[in-house]
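K.L.:
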Amino acid sequence: MSGERELALYSAKLSEQAERYPDMVAEMKKIAQGAQKQELSVEERNLLSVAYKNLVGARRASWRILQSVEQSEMAKGNEKRVKLIQRYRSVVEKELDEVCGEILGLLDEHLVPSASTVEASVFYLKMKADYHRYLAEFKMEEDRKNAADKTLEAYKAAQDKAVSELPSTNPIRLGLALNFSVFYYEVLNQPEQACSLAKQAFDEAISDLDTLGEDSYKDSALIMQLLRDNLTLWTSEMQDSKPAE
């Protein structure tokens, strides 16, 4: 590892400890831009994911809160407050656009082309789909459709590779199934498809779970629990929404 890259990696870890995620992103961005000269290690890949996830996660949480307050004020007929909230929400949306655009650019230009293993390729394609999904969450009309189309395309590309070349218990494959099913449920409003995808991933992995070592078992079992929790919730919501006979 070159001196500059090693220093950037150390700085990123330091920023993570200090919970200064914009600094962490800046350091990991330097490493990502050199991916085609030297592919990212599993550790670097995970740090890149953590950095951007924290940056975008805070803004997604802010957006949801503002949307909820906006709906509350709208119900009360407080037009001035609604307009103020909408202006504030647009600031958050602009930040989300910028963060998602930045990581999607890194993925398209440097990371996806640099992947030399199936696991790395699936990891980056899943990440690409995730960030298009985050855009689809708040976009409207044609912009939302475009973001959703790009999300679906990337998830399908990742899923095709994962299902044909990764074990059913692989944490990246399971994490992909988890996020892909959430996309079907929350963005495309296709609960049956979401449940089908999540159930298939869970059922296939459960039969192979005994073959895993302790570390891999913990990672896979955690994601499988999330898949099962979602299935329970979604199935319940689907039953509640059915008209009484």
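Per our numbering, the sequence shown runs over residues 811 to 1055. Built from N, CA and C at the ideal position, the CB exists for glycine as well.
1) Under 8 angstroms: do the stretch 922–931 and the stretch 893–913 share three or more Cβ pairs, one atom per stretch?
2) Given this structure, state the Cα-to-Cα distance separating R870 from A828, to the nearest angstrom.
3) Any heavy atom of the ligand ATP inside 8 angstroms of the beta-carbon of K949?
4) By how many angstroms is the C-alpha of N980 removed from the C-alpha of I1033?
5) To the nearest whole angstrom, what separates the beta carbons of A987 and L1007, a pair I think is in contact under 8 angstroms?
6) Which residues in the same chain have their Cβ closer than 7 angstroms to the Cβ of A1015, if we skip the five residues on either side of it in sequence?
7) Rounded to the nearest angstrom, what separates I1056 and K955 at their Cα positions?
8) Residues in the same chain with beta-carbon distance under 7 angstroms from R1038, minus the five sequence neighbours each way, listed in chain order, please.
9) Identify whether A871 lies in helix, strand or coil by the three-state DSSP scheme.
10) Judging by CA-CA distance, which residue of S991, V892, G1023 is the nearest neighbour of A1004?
11) What's the gap between the Cα of Y831 and the Cα of K840?
12) Quick one: what's got a C-beta closer than 7 angstroms to L876's C-beta in the same chain, skipping five residues either side?
13) Please work out which residues of its chain come closer than 7 angstroms, Cβ to Cβ, to S872, disregarding the five sequence neighbours upstream and downstream, and give them in chain order.
14) Is it buried or exposed, N856, if we count other Cβ atoms within 10 angstroms and call 16 or more buried?
15) So the candidates are Q846, A861, L824, K847; which of them puts its Cα closest to the Cα of M838?
16) Is it right to say Y944 is buried, meaning 16 or more other beta carbons lie within 10 angstroms of its own, or is it exposed?
P.N.:
The answer reads as follows:
1) The count of Cβ pairs closer than 8 angstroms, one atom from the stretch 922–931 and one from the stretch 893–913, stays below three, leaving the stretches out of contact.
2) Taking the sequence shown and counting its residues from 1, the one referred to as residue 870 is at position 60. Taking the sequence shown and counting its residues from 1, the one referred to as residue 828 is at position 18. Within the model, the alpha-carbon separation for R870 versus A828 is close to 21 angstroms.
3) This structure simply doesn't include the ligand ATP, nor any ligand for that matter.
4) Residue numbering aside, residue 1033 sits at position 223 when the sequence shown is read from its first letter. Residue numbering aside, residue 980 sits at position 170 when the sequence shown is read from its first letter. Those two C-alpha atoms are separated by around 10 angstroms.
5) For the purposes of this step, residue 987 is identified with residue 177 of the sequence shown, where counting begins at 1. For the purposes of this step, residue 1007 is identified with residue 197 of the sequence shown, where counting begins at 1. So it is a contact: roughly 6 angstroms between Cβ atoms.
6) Numbered from its first residue, the sequence shown carries residue 1015 at position 205. Spatial neighbours of A1015 in its own chain (CB-CB distance under 7 angstroms, excluding positions within 5 residues in sequence) are listed in chain order as S978, T979, L984, S1030, M1034.
7) Residue 1056 is absent from the structure shown; the chain starts at 811 and stops at 1055.
8) Position 228 of the sequence shown, counted from the start, is the residue given in the question as residue 1038. If we look at R1038 and ignore the five residues flanking it on each side, its Cβ neighbours are F1012.
9) In the sequence shown, the residue the question calls residue 871 occupies position 61. Three-state result, A871: helix.
10) The residue given as residue 1004 occupies position 194 in the sequence shown. The shortest C-alpha separation from A1004 is found at S991.
11) Within the sequence shown, the letter at position 21 stands for residue 831. Within the sequence shown, the letter at position 30 stands for residue 840. Rounded to the nearest whole angstrom, the CA to CA distance from Y831 to K840 is 14 angstroms.
12) Within the sequence shown, residue 876 is the residue found at index 66, counting from 1. Excluding sequence neighbours, L876 sits near I895, Y898, R899, V902.
13) Counting from 1 along the sequence shown, the entry for residue 872 is found at position 62. Cβ-Cβ distances below 7 angstroms link S872 to V902 in the same chain, with the five nearest sequence neighbours on each side left out; the list follows chain order.
14) Your numbering for residue 856 matches position 46 in the sequence shown. Around the beta carbon of N856, fewer than 16 other beta carbons sit within 10 angstroms, so the residue counts as exposed.
15) The residue you call residue 838 lines up with position 28 of the sequence shown. Ranking Q846, A861, L824, K847 by Cα distance to M838 puts A861 first.
16) Along the sequence shown, one-based indexing puts residue 944 at 134. Residue burial annotation: Y944 is buried, with at least 16 other C-beta atoms found within 10 angstroms of its C-beta.
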